[in-house]
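Residue numbers (the working numbering), protein chains in the order written: chain A, 218 to 510; chain F, 218 to 510.
Here is the structure we will look at.
2 protein chains.
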Amino acid sequence: MYDYSQLEALSAVIRTGSFDAAAAQIGVTQSAVSQRIKQLEERVGTVLVKRGQPCSGTEAGRRLATHADQVRLMEKALDFGLGSPLEPTPVRIAVNADSLATWLLPALAEHPDFLYDLIIDDQDHSADWLRAGEVAAAVTGHPGPVQGCDSYSLGAMRYFATASPEFMAHHMPDGPTPEAFERAPSMTFNDKDRLQSDWAKAVAGRPVTLPKHRLASSHAFVEAACLGIGWGMNPESLSRKELASGSLVQVAPDAPLDVPLYWQVSRLTAEPLLPLTRSVMRHARSMLIQEAE
Amino acid sequence: MYDYSQLEALSAVIRTGSFDAAAAQIGVTQSAVSQRIKQLEERVGTVLVKRGQPCSGTEAGRRLATHADQVRLMEKALDFGLGSPLEPTPVRIAVNADSLATWLLPALAEHPDFLYDLIIDDQDHSADWLRAGEVAAAVTGHPGPVQGCDSYSLGAMRYFATASPEFMAHHMPDGPTPEAFERAPSMTFNDKDRLQSDWAKAVAGRPVTLPKHRLASSHAFVEAACLGIGWGMNPESLSRKELASGSLVQVAPDAPLDVPLYWQVSRLTAEPLLPLTRSVMRHARSMLIQEAE
């Protein structure tokens with residue numbers, strides 16, 4: 218088996234970005250940290266840390282550090298009272314930006330015993346992080362379960378296509394026709410974001426090529442829509458106030474897009490994460506659209 | 218010289234992510250797009266497009282596409298009335314997340330003749346995008362000017378270290394001592410974010426190793442601070458309401474951190490971007506802290 222004091226040093230260097238900070242965090246000298254990582258690199262036969270400002274993990278290094286964090290999380294469930302209760306456990310979670318912006322944080326806040334490392338990625342891609350073993354859990358659009366994971370249905374996030382009234386009058390005077398879609402600037406979160414083009418295709422009745430602004434921020438999406446920069450799919454809960462006040466209108470009335478979301482958690486660490494899973498379920502169920510039972 | 222119909226096709230494929238969409242956007246057949254890119258790849262002697270879902274540019278492909286976009290932007294300044302006024306010009310800008318969350322969008326909204334491609338990066342790193350020739354302009358912490366760029370001082374973004382009152386009572390009952398910093402969970406945007414550690418070092422009087430949550434969202438930072446997840450540096454303008462209502466308090470009273478920001482714009486495209494530069498200056502000057510004149 219591995220020497221876990223070496224793995225712990227590796228994880229701390231990658232997390233803190235320096236040998237110095239890692240040494241302070243685990244309470245040994247910097248030369249002990251250097252030596253542990255050197256020994257581990259010799260054993261594995263490959264470089265694990267890219268030395269720099271900050272230091273970062275190589276692919277192999279990140280995999281080993283993730284493994285170490287996972288083992289640490291599993292040890293937590295043993296509950297023999299080892300380890301300091303003052304020292305929170307790092308846990309890495311992939312999450313889509315709109316969940317982070319709307320309902321997830323209050324669930325995380327109920328568990329001060331974790332240090333969260335949130336990887337923000339599209340709901341269609343956050344399951345990839347689970348598959349790669351890079352995260353312990355994910356909020357994802359993938360019903361799964363991904364191999365080795367448990368999957369829980371959270372309900373659906375409701376989106377409305379929204380724009381300012383001035384934008385609609387200027388760019389879509391005849392409503393959301395295919396021709397209007399191909400001229401009116403839309404917004405996209407990043408290359409992975411298909412919400413706008415999928416919704417426009419459904420409404421227009423054929424695939425349309427959208428001119429796109431690109432901006433990767435849930436709140437900036439709402440603000441940019443209000444300012445008339447473009448139209449975009451905004452979560453209902455993030456644009457409710459603007460829709461009520463009239464600073465935003467729907468691009469096509471009564472055409473919501475419901476995106477089902479799932480909480481997937483690696484079975485290896487499902488037990489220590491169970492209290493978190495319960496909080497996530499409770500908050501999601503009160504904030505997302507639930508199917509009629 | 219290059220064949221700009223080939224470069225235009227390359228830029229469209231990288232921007233839209235598919236040969237199909239690129240063809241629709243520039244109004245030629247898909248086979249014409251394929252052929253132009255093939256010819257360009259043969260001429261340059263390297264692969265320019267990674268075929269996939271979506272297609273993306275190789276490093277060489279992205280450099281050529283950025284060059285094409287730059288030339289297009291320069292053509293705009295010639296103002297011979299060529300090109301359709303209906304067709305907005307793509308412009309790529311690097312910006313720090315907190316500027317995007319607070320003051321930048323109203324400036325961008327004044328120029329509907331652009332399609333914005335916003336690269337969100339730390340203010341200490343957004344100048345790298347200019348240096349690499351990947352963006353036409355940047356909001357950056359680097360006074361510069363970066364070679365080939367003009368630099369304009371925008372004023373400073375004021376940050377306060379903030380946390381919930383409950384967080385302070387629990388984690389920092391004796392205030393922000395070095396020992397409290399090393400136990401109380403902080404937040405960091407990403408590995409590049411040094412605001413918290415720099416500020417804590419100044420307040421504690423010595424370098425401290427902060428336990429860190431990682432979450433890359435300006436609004437989530439404020440919400441997580443309110444929920445007691447951790448303390449973090451929040452822009453004054455984004456946390457003013459919470460500080461006034463008492464849901465947030467300052468970790469150390471009267472210890473703001475002012476981060477000077479600059480607008481740097483490539484001289485190649487400074488002229489067509491001048492109206493945008495003027496809007497950016499006007500909005501920044503009313504929203505950021507200006508030095509006494």
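The C-beta atom is built at its ideal place from N, Cα and C for all residues, glycine as well.
Treat the numbers as computed from the prediction; the structure is a model and nothing was measured.
Would residue i count as contacting chain F if we go by Cβ distances under 9 Å?
{"i": "A/Ile254", "result": "no"}
{"i": "A/Thr233", "result": "yes"}
{"i": "A/Asp339", "result": "no"}
{"i": "A/Ala282", "result": "no"}
{"i": "A/Gly300", "result": "The predicted model places A/Gly300 with a pLDDT of 46, which falls under 50 and marks its position as unreliable; any figure quoted below should be read in that light. False, the Cβ-Cβ gap to chain F never drops below 9 Å."}
{"i": "A/Ala314", "result": "yes"}
{"i": "A/Arg499", "result": "no"}
The ligand SAH heavy atoms versus the CB of residue i: any closer than 8 Å?
{"i": "A/Glu453", "result": "No copy of the ligand SAH appears in this structure; indeed no ligand is present at all."}
Does residue i have its Cβ less than 9 Å from a Cβ in chain A?
{"i": "F/Glu399", "result": "yes"}
{"i": "F/Ser462", "result": "no"}
Does DSSP put residue i in a helix, a strand or coil?
{"i": "F/Met498", "result": "helix"}
{"i": "A/Ser492", "result": "Strictly speaking, residue 492 of chain A in this sequence is Pro, with Ser absent from that position. Helix."}
{"i": "F/Phe377", "result": "strand"}
{"i": "A/Val420", "result": "helix"}
{"i": "A/Arg309", "result": "strand"}
{"i": "F/Gln247", "result": "helix"}
{"i": "F/Arg411", "result": "coil"}
{"i": "F/Val482", "result": "strand"}
{"i": "A/Val261", "result": "helix"}
{"i": "A/Ala354", "result": "strand"}
{"i": "A/Gln340", "result": "coil"}
{"i": "F/Gly300", "result": "Residue placement at F/Gly300 is flagged as unreliable, the pLDDT there being 46, under the threshold of 50; a coordinate-derived value is accordingly withheld."}
{"i": "A/Tyr333", "result": "strand"}
{"i": "F/Val466", "result": "strand"}
{"i": "F/His328", "result": "coil"}
{"i": "F/Ser237", "result": "Rather than Ser, the amino acid found at residue 237 of chain F in this sequence is Asp. If DSSP states are grouped into helix, strand and coil, F/Asp237 belongs with the helices."}
{"i": "A/Asp315", "result": "helix"}
{"i": "A/Asp345", "result": "helix"}
{"i": "F/Thr394", "result": "coil"}
{"i": "F/Asp220", "result": "coil"}
{"i": "F/Asp286", "result": "helix"}
{"i": "A/Pro382", "result": "helix"}
{"i": "A/Ala226", "result": "helix"}
Give me the chain F residues within the contact set of residue i, using Cβ-Cβ distance strictly less than 8 Å, ordered along the chain.
{"i": "A/Tyr333", "result": "His430, Arg431, Leu432, Ile446"}
{"i": "A/Leu317", "result": "Leu432, Ser434, Ala437"}
{"i": "A/Leu322", "result": "Ala437, Glu440, Ala441, Leu444, Ile446"}
{"i": "A/Pro402", "result": "Pro305, Pro329, Leu332"}
Residues bridged to residue i by DSSP?
{"i": "F/Trp448", "result": "F/Ser403"}
{"i": "F/His359", "result": "According to DSSP, which records beta bridges pairwise, F/His359 is partnered with nothing at all."}
{"i": "A/Gly274", "result": "A/Val266"}
{"i": "F/Gly372", "result": "F/Leu478"}
{"i": "A/Ile506", "result": "A/Ala373"}
{"i": "F/Arg232", "result": "Paired residue(s): none; F/Arg232 is not in a bridge."}
{"i": "A/Lys429", "result": "A/Ser403"}
{"i": "A/Cys443", "result": "For A/Cys443, which the question treats as bridged, DSSP gives no partner whatsoever."}
{"i": "F/Asp367", "result": "F/Val482"}
Please list the partners that residue i has in chain F, where partner means a Cβ-to-Cβ separation under 7 Å.
{"i": "A/Thr426", "result": "Thr233, Ala238, Ala241, Gln242"}
Can you pull the chain A residues whose beta carbon is under 8 Å from the beta carbon of residue i, in chain order?
{"i": "F/Ala326", "result": "Ala441, Leu444, Gly445, Ile446"}
List, in order along the chain, the chain F residues whose C-beta lies closer than 9 Å to that of residue i?
{"i": "A/Asp408", "result": "Gly234, Pro271, Ser273"}
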